[in-house]
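The structure appears below as structure tokens.
2 protein chains.
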Amino acid sequence: MPFSREASAGYLANHMARLFEKGLARRLVPLGLAPAQFMVLLVLWREDGLTQRDLAERLDVEQATMANTLARMERDGLITRSVDAEDRRARRNHLTERGRALEGPATEAAAAQNAAALAGLTEAERAALIAIAAKVIATMRRG
Amino acid sequence: MPFSREASAGYLANHMARLFEKGLARRLVPLGLAPAQFMVLLVLWREDGLTQRDLAERLDVEQATMANTLARMERDGLITRSVDAEDRRARRNHLTERGRALEGPATEAAAAQNAAALAGLTEAERAALIAIAAKVIATMRRG
DNA sequence: ATCACTTGCATAGCATGCTATTCAACAGGA
DNA sequence: TCCTGTTGAATAGCATGCTATGCAAGTGAT
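Here it is in structure tokens:
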């Protein structure tokens, strides 16, 4: 049996993710924001002042990846970083005014992208997609 | 209503795709192969001698992305590239012996990764995931 | 106190992906 | 033929992501 891209969950996940990211990137450009930066903001809007390690854990990316993303966010004026008083190895990441102000428009952009992507699905299909994807993610994180 | 990563199809797609790619990369390392190279091989095993433009279209990536991937594949001895006799702008991409020989083991690696990822799902859930993902992809490609 | 281990970050090097630009080769019409 | 517009590739520059290292700052046991 030939291996078929079209029926491979891994290939479809990759393709779907690329299209999502491209669409989100386009919607975030006017805000001066990139997709990975938006993910970090999603966390900081709820819990400001987290460390790099905290952020990497919550978004399940490697520490080195987060280090680079945070450096770009600092460069772009979205966050400031200050050495922790208790543990001088750690740096606390805080939202700037600009970073805080983007919550409304950036969230709308992301919601619009999700809506556009899921436009052809029924409510049941949307729920199924989310539930099944969450299961697959859980399986792979354990394995 | 707060925007929730956990219930965002875009976020889940990204997370799922990263985990798939990481797992596949690990399984392909012993073969000296990277995930994007495997995708190109999947196409060439069926249709050898395609141009860069052909490959980019079939995998839905930009021409520049494909140019870089093909350069790495040539460097790694997976393909050779020759100028097309009819159209001297175009270059035909041909599998090497090594590229051809990897079909079996690489396909097995990818199948194993898919199986591991979907291990927690029922047959119906697997079918649903693939069908719904394909629909979402179709929607985004049009939009 | 000292030494070994752990932990938080930074950096190097690489693969993928994108947009934008450039160049050479082709194709079609004036 | 010549000029224009299109098309196939290459390249530059950047964002994300990964692994592997290295360093400084904690921690704990002796």
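Chains as they are written, first to last, in my numbering: chain R, 646 to 788; chain D, 646 to 788. Think of the CB as a built atom: it goes at the ideal place given N, C-alpha and C, for glycine as much as any other residue. Quantities reported herein were computed from a predicted structural model and do not represent experimental measurements.
Secondary structure of residue i, DSSP reduced to three states
i              : result
V728 (chain R) : strand
R786 (chain D) : helix
T741 (chain R) : coil
T752 (chain R) : helix
R791 (chain D) : Since the displayed chain D opens at 646 and closes at 788, residue 791 (chain D) lies outside it and no answer follows.
G694 (chain R) : coil
Residue i at chain D interface by Cβ criterion, 8 Å
i              : result
R650 (chain R) : yes
R743 (chain R) : no
M718 (chain R) : no
A754 (chain R) : no
D732 (chain R) : no
S727 (chain R) : no
A662 (chain R) : yes
R786 (chain R) : yes
E811 (chain R) : Nothing can be reported for residue 811 (chain R): it is not among the residues displayed for chain R, which extend from 646 to 788.
V781 (chain R) : yes
D699 (chain R) : no
Whole-Å CB distance - residue i paired with residue j, under 8 Å assumed
i              : j              : result
V688 (chain D) : L695 (chain D) : 7 Å
N759 (chain D) : G668 (chain R) : The Cβ separation is near 25 Å, so there is no contact.
L657 (chain D) : I775 (chain R) : 6 Å
L740 (chain R) : R786 (chain D) : 35 Å between Cβ atoms; not a contact.
A681 (chain R) : T714 (chain R) : 5 Å
R736 (chain R) : V728 (chain R) : 6 Å
H660 (chain R) : D705 (chain D) : 6 Å
V781 (chain D) : L763 (chain R) : 7 Å
G788 (chain R) : A761 (chain D) : 5 Å
A773 (chain D) : A662 (chain R) : That pair is no contact at about 18 Å.
Delimiting residues of the alpha helix (DSSP H) encompassing residue i
i              : result
L715 (chain R) : 708-720
F683 (chain D) : 680-691
E702 (chain R) : 697-704
F648 (chain D) : Segment: none, F648 (chain D) is in no alpha helix (DSSP H) and carries neither H nor E.
Best match in the options for proximity to residue i [C-alpha to C-alpha]
i              : options                        : result
L723 (chain R) : R:E768, R:S653, R:R733, R:A751 : R:A751
F648 (chain R) : D:A755, D:A761, D:E768         : D:A755
M711 (chain D) : D:R720, D:D699, D:D721         : D:D699
A701 (chain D) : D:W690, D:M684, D:R691         : D:M684
M718 (chain D) : D:R733, D:E742, D:R703, D:A772 : D:E742
Interface flag, residue i vs chain R, CB-CB below 8 Å
i              : result
G749 (chain D) : no
L723 (chain D) : no
H739 (chain D) : no
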